[in-house]
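Remarks on the structure that follows.
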């Protein structure tokens, strides 16, 4: 004999399963499905969405993505490092190492406006990250 609580929980699981099937039929992936596709933990997918590396949208009360958005997402920080090298940028950590500073100390200089740096755009592997040109390392902001 099942309790009212168990029946309610089972009904809720069934509703979630139906909603998930409908989302998949419409071409969407849940966070868990995207995590399985990327072979990462669901928290990593959530982080990728939060920092802009993975495009997502909300359907009702669920965050979902699409297979083509997952395919376009950079897979790792290595991708970001490769992108920076190809486009002649340094990360805060790389520039700090050249200056003999901690990344936190260089962040303070950037925030105070004493270190030239720009925010990475939406098309970069890590949107919003600070980027510094090698020739600007140690150069004071104007």
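Residue numbers (full-length UniProt numbering): 1 to 142.
Note that beta-carbon positions come from the ideal geometry of N, C-alpha and C, so glycine has one too.
It should be emphasised that the depicted structure is a prediction, and the values quoted were computed from it without experimental measurement.
Residue 50 holds the alpha-carbon nearest to the alpha-carbon of residue 127 among 12, 50, 108. DSSP places residue 66 outside both helix and strand once states are collapsed to three, so it counts as coil.
Judged by DSSP secondary structure, residue 59 falls outside any alpha helix (DSSP H) and instead within the beta strand (DSSP E) spanning 57-59. The shortest CA-to-CA distance from residue 36 to any of 53, 52, 71 is the one to 71.
With contact defined as three or more Cβ pairs closer than 8 Å, the region 37-49 and the region 4-12 are not in contact.
The beta carbon of residue 89 is closer than 6 Å to those of 131 in its chain, skipping five residues each way along the sequence.
Restricted to the region 18-62, the beta strand (DSSP E) segments that are unbroken, complete and at least 3 residues in length are 57-59, listed in chain order. Around residue 57, the same chain offers 64 as residues with beta carbons nearer than 7 Å, after the five sequence neighbours per side are excluded.
Between residue 91 and residue 122, the CB-CB gap reaches or exceeds 8 Å.
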